[in-house]
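Each residue of the sequence shown is one higher than the one before, counting from 1 in UniProt numbering.
Note that CB positions come from ideal geometry on N, CA and C, so glycine has one too.
Quick caveat: nothing in here was measured; it's all calculated off a predicted structure.
Have a look at the structure below, then the notes.
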Amino acid sequence: MKKCLVVDDSRVIRKVSRHILEPLGFDVSEAENGREALDVCEVALPDLILLDWNMPVMSGIEFITKLRACDGGDVPKVVFCTTENDVAHIRAAIEAGADEYVMKPFDHETLQIKLQLVGMA
1 MKKCLVVDDS
11 RVIRKVSRHI
21 LEPLGFDVSE
31 AENGREALDV
41 CEVALPDLIL
51 LDWNMPVMSG
61 IEFITKLRAC
71 DGGDVPKVVF
81 CTTENDVAHI
91 RAAIEAGADE
101 YVMKPFDHET
111 LQIKLQLVGM
121 A
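Below is the structure:
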């Protein structure tokens with residue numbers, strides 16, 4: 001079973017993401033911020049990470065930069081899920097190592113398309 005880590009400070013977004021991902025065959029775990037997510041990744045790297053941009057403690061950009069620098073940190077597919085929609089933010093996410101980008105709010109179909117683009121659906 002593929003493992004997905006949903007990193008978002010919103011409990012609602014984590015719940016919605018879990019509701020979409022579990023029927024697609026993912027074992028879903030959650031983190032409220034980038035620091036918690038790094039702790040999870042140090043134990044076992046997931047196959048997929050859905051990552052929020054704006055979070056307390058450690059932002060999504062800080063997290064992905066640290067993740068990609070870790071041994072094996074280049075393996076998980078990372079999809080930024082955020083309300084930041086300007087070109088500069090999208091470029092920054094891709095340059096930091098994101099594989100794809102999806103705007104909030106997203107639905108089942110939109111997320112599934114993004115997962116197909118990164119080879120996870």
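* Asked: What residue from E32, E100 and G72 has the CA that sits closest to N85's CA?
  -> E100
* V43 (DSSP reduced to helix, strand or coil) -> helix
* **Length of the line joining the Cα atoms of I13 and P105** => 9 Å
* Asked: Any idea if G34 is buried or exposed, counting beta-carbon neighbours within 10 angstroms, 16 or more meaning buried?
  -> buried
* Which residues in the same chain as L48 place their Cβ atom closer than 6 Å to its Cβ, once the five residues preceding and following it in sequence are excluded? -> C4, K77 and M120
* To the nearest angstrom, report how far apart A98 and W53 are at their CA atoms. => 11 Å
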